[in-house]
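Chemist: This is the structure I want to talk about, given as structure tokens.
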Amino acid sequence: MRLEPKPTRPVGILLLYPAAAIAATLVFASLLVLAAGASPFSVFYLVAKGAAGSQFALLETLTRATPLIFTGLAVAVAFRARLWNIGAEAQLYIGAVVTVVLGTGLLPWPSFFLLPVIAFCAMIAGAALLAGPALLKTRFGVDEVVTTLLLNFIVLLFVSMLLEGPLKDPTGLGWPQSQKLIDAARLPRIIQGKRLHYGFVLALISALAIWVVMKKTTLGYEMRAVGHNPEAARFAGIPVNGVLMKTALLSGGLAALAGFSEVSGLKGNLTLDLSPGFGYSGIVVAMLAMLNPLGVVFAAIFVAGIFVGADAMSRSAGVPSYIADVMVATALLTMVTALLFSRYRLRWR
Amino acid sequence: MTATEPVLRLQNITKRFGPLTANDSITFDLKRGEVIALLGENGAGKTTLMNILFGHYVADEGTVEVFGRPLPPGEPRAALEAGIGMVHQHFTLADNLTVLENIALGTQPLWRPRLDRVAAAARIQAMARDFGLEVHPGATVSALSVGERQRVEILKALYRDARILILDEPTAVLTPSETEALFRTLKLMVAKGLSIIFISHKLAEVMAVSDRVLVLRAGRLSGERETATTDRHELAALMVGQEVAQPTVEAVQPGRPLLELAGVSTARRGSGSALDGVSLTLRAGEITGLAGVSGNGQAALAALIAGTERPTSGSIHIDRHNPADWSPRAALASGIGRIPEDRHAVGSIGDMSVTENVVSERYRSQRFSRYGFLDWGAARRFAEQIITDYDVKCPSPDARIRLLSGGNMQKLILGRVLDSDPKVILANQPTRGLDVGAVAYVHGRLLEARRRGAAILLISEDLEEVLALSDRVVVMSKGRLSAPSARGERSVRELGALMAGHGAEAA
């Protein structure tokens, strides 16, 4: 068997394939649900209900989607230029650290001034964290997959050290957690009394801004050119290393915003369980979105919905919420496969 | 079987790709010990036909018979077992394995713990001796030159007892001397009773190597001639459907020097020679042809002028101005237009659109961007203008440039380069792999730029092309340049001696 490129790609087909991918995901997940001794239909119903079945569920999904939009954008931007940033997790935590350092009383400014300053400084820190691996890549050819991945562990241990030492909350009964942010450093809630905060709005604005950058600006053009063919880009006079550096700064900054948004909008302080792997899930989100910044928003909501829905489902159906991990992973695989088949046809013989 | 009985018979082969008919009812025989040349422009259907024969594609209609037996369609393995060997235009070798391993790959069962290297090496060396295909079996493929890799490909086919050998554009990647060696090998093979199908669009080679010529045009067999009874003009006419005019180069008085290199050396990179104290002056209205055997520093000189390579010593002046820093952007800014050697890997970004590709060198200019925002409307109009002006056949400016044929891609690159009226034009292998019509077009455009007053450096491995177009010729050998000779001053034999590195004096 082999793959032949399809001469044309009608729009209908492009929509049909993702639908088929989701169907395949559900079929595969059904097998596992059956193995767990539950009815697939009721489980899927409960997942859907838990993700979007009520105002509470929907807001919870959007809250969970917020950091995923940031990390998804960070990964999408970097991967577009073939800068393999696997370190969004580390950049997220650095953003969170900066938020805590600046937001616990160090800067006694009013909210409208303090929040942008904190967000900006968090971005600078995240950008600086990815600038290192990018510099090593462009100067010495060090593989950024390795450096960014390993930085995740280094940064997590660093944060752990901070939470046991200088950033430890003296009133925290010995728990490794930071002090609470002052009120001026908190992102307000969108609806009073609900968890959804203005970090979500910031995420939507970021997605739109990144879309504009990629589509309409010379920088976006340079990033795509470098990603598709660095040699041709260099020949055409595009400063490849400089573009990779700018990409790294943008990507690191976006991932750091996830940390800022989670601490300032949701948690109010920093703990080691701030992110259940948002940095890694960002890769899934970016891939599901085919690296399209607006697609990232939908992919993030989809992935968040499955996680939130599966949590709710597991409480009532008794099926472990790990099914969410399986579904997200399967969705990624089937989506990638579907993408392949929307471009190529399989020929037996 | 008798000598006259065909070893291969194709009947009414038809293959369609959507609305395109790539092969239209093609019928021919191949006899034992015969070399057939399959001649045609790019896109005429030569490669499709051979892919059907080798089982990569399944024909919509028609049959293939090998040694009197029908060949099951769509099975490369059946084709291999029937004794058909194919040497592709793009090699299919594993770079990190040795010659021996590449040749033996797939011929032995996988569960055999190790292959019998001694026996295999002996067999390879015997074949290499018989057919003049010297190559060391223990060498790693990545260390071999292009010519040597091709020999490995041929040995691979012979090792599998191929009786019919298909060579797809084998000379496209070879130097003139390597080409001659290949032709000697083919003669030896034919003497041993092998049959050969030689795919090409170069008339001179077809005349030199074949017994019979089949000409394809737009998927149809437009003519079949005994090589002895035809000539190049007739074949060219069959190929393109009309007589091809040789370029006429009218005399132009050369003007002021536009590019001056003085004692330029570069750092060594890769396998080719670096520049070693090269001095060269390109004048307005003059085409300087650079001849030489591949790997003698042409790549370094091209990279230097294109801006991708910095000189380690010596100076560059463009129109008497010495740029402070040297980079592709500096080269473009000083008015150098660059036609790169490899239009797929360097000249274009395959997955980006035609529009995005035509602005790649000028997207930062006032014309196409403002405050960091691109003006896609202007870019698209520019693409449309080039498509019209340069007669590029492409579905739309939004099509990915990958989908364009080699000739159309080259026209697009030509448009990108020439539209800004560059002072200096670097044309590196501008017609490699192009069909006759596209070659004439590229030549015409270069001559037009020359009339306009551009200084052109034409680098080509096709000596005929260099001699036909150039006002003066320089020869490069081991990173050094010969003194220039005016048109017709040195004979081909003298140039050949310079190319081989005899008597090359730094100019």
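Here the protein sequences line up with chains A and Z, keeping their order.
Using the working numbering, you'd call the opening residue of the first sequence number 18 and step up by one each time.
Using the working numbering, you'd call the opening residue of the second sequence number 704 and step up by one each time.
Ideal Cβ placement from N, Cα and C applies to all residues, glycine included.
Got a sec? Which residues, its chain only, sit under 6 angstroms from residue 353 of chain A by beta carbon, not counting five neighbours each side?
Modeler: For residue 353 of chain A, where only same-chain residues beyond five positions count, there are no Cβ hits under 6 angstroms.
Chemist: Applying the 10 Å Cβ sphere with the 16-neighbour rule, what's the burial state of residue 807 of chain Z?
Modeler: buried
Chemist: How would you call residue 934 of chain Z, buried or exposed, if buried means at least 16 neighbouring beta carbons within 10 angstroms?
Modeler: exposed
Chemist: Quick one: is residue 760 of chain Z buried, meaning 16 or more other Cβ sit within 10 Å of its Cβ, or exposed?
Modeler: buried
Chemist: For residue 178 of chain A, does the count of other Cβ atoms within 10 angstroms reach 16, so buried, or fall short, so exposed?
Modeler: exposed
Chemist: Determine the direct distance from the alpha carbon of residue 853 of chain Z to that of residue 1210 of chain Z, and round the result to whole angstroms.
Modeler: Here residue 1210 of chain Z scores only 37 on pLDDT, less than 50, and its place in the model is too uncertain to base an answer on.
Chemist: Name, please, each residue of chain A whose Cβ falls closer than 8 angstroms to the Cβ of residue 1064 of chain Z.
Modeler: 253, 254
Chemist: Closest Cβ-Cβ distance between residue 718 of chain Z and chain A: below 8 angstroms?
Modeler: no
Chemist: Spatial neighbours of residue 116 of chain A within its chain, please: CB distance less than 6 angstroms, with the 5 preceding and 5 following residues excluded, ordered by chain position.
Modeler: 135, 139, 277, 280, 281
Chemist: By Cβ distance below 8 angstroms, which residues in the same chain neighbour residue 917 of chain Z in space, the five residues on each side in sequence not counted?
Modeler: 731, 739, 740, 741, 742, 924, 926, 927
Chemist: Between which two residues does the beta strand (DSSP E) holding residue 764 of chain Z run?
Modeler: 764-769
Chemist: Does DSSP put residue 1120 of chain Z in a helix, in a strand, or in coil?
Modeler: helix
Chemist: Run down chain A in chain order and give the residues with a C-beta less than 9 angstroms from the C-beta of residue 1009 of chain Z.
Modeler: Result: 252.
Chemist: My assumption, with CB atoms under 8 angstroms, is that residue 213 of chain A sits in contact with residue 79 of chain A. Please give the rounded CB distance.
Modeler: 5 angstroms
Chemist: Mind pulling the chain Z residues with CB within less than 9 angstroms of residue 236 of chain A?
Modeler: 1075
Chemist: Less than 8 angstroms between CB atoms is the rule here; does residue 1048 of chain Z satisfy it with respect to chain A?
Modeler: The Cβ of residue 1048 of chain Z sits closer than 8 angstroms to at least one Cβ of chain A.
Chemist: Specify the secondary structure class of residue 772 of chain Z as computed by DSSP and reduced to three states.
Modeler: DSSP places residue 772 of chain Z in strand when its eight states are reduced to three.
Chemist: Report all residues from its chain with a CB closer than 6 angstroms to the CB of residue 1062 of chain Z; omit the five preceding and five following residues, and keep chain order.
Modeler: Result list for residue 1062 of chain Z: 1071, 1082, in chain order.
Chemist: Bridge partners of residue 787 of chain Z, per DSSP?
Modeler: Z:867
Chemist: Could you please give the first and the last residue of the uninterrupted beta strand (DSSP E) stretch that includes residue 278 of chain A?
Modeler: Counting along the chain, residue 278 of chain A falls outside any beta strand (DSSP E), though it belongs to the alpha helix (DSSP H) covering 257-278.
Chemist: Report the three-state DSSP secondary structure of residue 206 of chain A (helix, strand or coil).
Modeler: strand
Chemist: Heavy atom of the ligand ATP less than 7 angstroms from the Cβ of residue 62 of chain A, yes or no?
Modeler: With respect to the ligand ATP, the structure offers nothing, as it holds no ligand at all.
Chemist: When you compare the region 301-312 of chain A with the region 75-91 of chain A, are there three or more beta-carbon pairs, one atom per stretch, that lie closer than 8 angstroms?
Modeler: yes
Chemist: Any beta carbon of chain Z sitting closer than 8 angstroms to that of residue 169 of chain A?
Modeler: no
Chemist: So which of A:258, A:61, A:163 has the shortest CA-CA distance to residue 449 of chain A?
Modeler: The question about residue 449 of chain A has no answer, for chain A in this structure spans 18 to 366.
Chemist: Counting only C-beta atoms, is residue 1038 of chain Z closer than 8 angstroms to chain A at any point?
Modeler: no
Chemist: Can you name the residues of chain A whose CB is closer than 9 angstroms to the CB of residue 1059 of chain Z?
Modeler: 238, 241, 242
Chemist: With residue 685 of chain Z as the anchor, note down where its beta strand (DSSP E) starts and where it stops.
Modeler: With chain Z running from 704 to 1210 in the structure shown, residue 685 of chain Z is simply not present.
Chemist: Give me the Cα-Cα distance between residue 121 of chain A and residue 158 of chain A, rounded to the nearest whole angstrom.
Modeler: 40 angstroms
Chemist: For residue 1208 of chain Z and residue 1184 of chain Z, I'd like the C-alpha separation in whole angstroms.
Modeler: Residue placement at residue 1208 of chain Z cannot be trusted, given a pLDDT of 44 that sits under 50; what the coordinates show is reported in the next sentence. Whole-angstrom Cα-Cα distance: 7 angstroms.
Chemist: Quick one, which residues of the region 309-329 of chain A are near chain Z if we go by CB-CB under 9 angstroms, in chain order?
Modeler: With the criterion set as a beta carbon lying under 9 angstroms from some beta carbon of chain Z, the region 309-329 of chain A has no members that meet it.
Chemist: Could you check where the alpha helix (DSSP H) with residue 247 of chain A kicks off and where it finishes?
Modeler: 247-252
Chemist: Drop a sphere of 10 angstroms on the beta-carbon of residue 208 of chain A, count the other beta-carbons inside from all chains shown, and report buried for 16 or more, exposed for fewer.
Modeler: exposed
Chemist: Sort A:201, A:155, A:145, A:50 by Cα distance to residue 107 of chain A and report the nearest one.
Modeler: A:145
Chemist: Check whether the region 714-729 of chain Z and the region 747-765 of chain Z touch, using three or more Cβ-Cβ pairs below 8 angstroms as the test.
Modeler: yes
Chemist: By the criterion of Cβ-Cβ separation under 8 angstroms, what are the contact partners of residue 233 of chain A in chain Z?
Modeler: 1076, 1077, 1079
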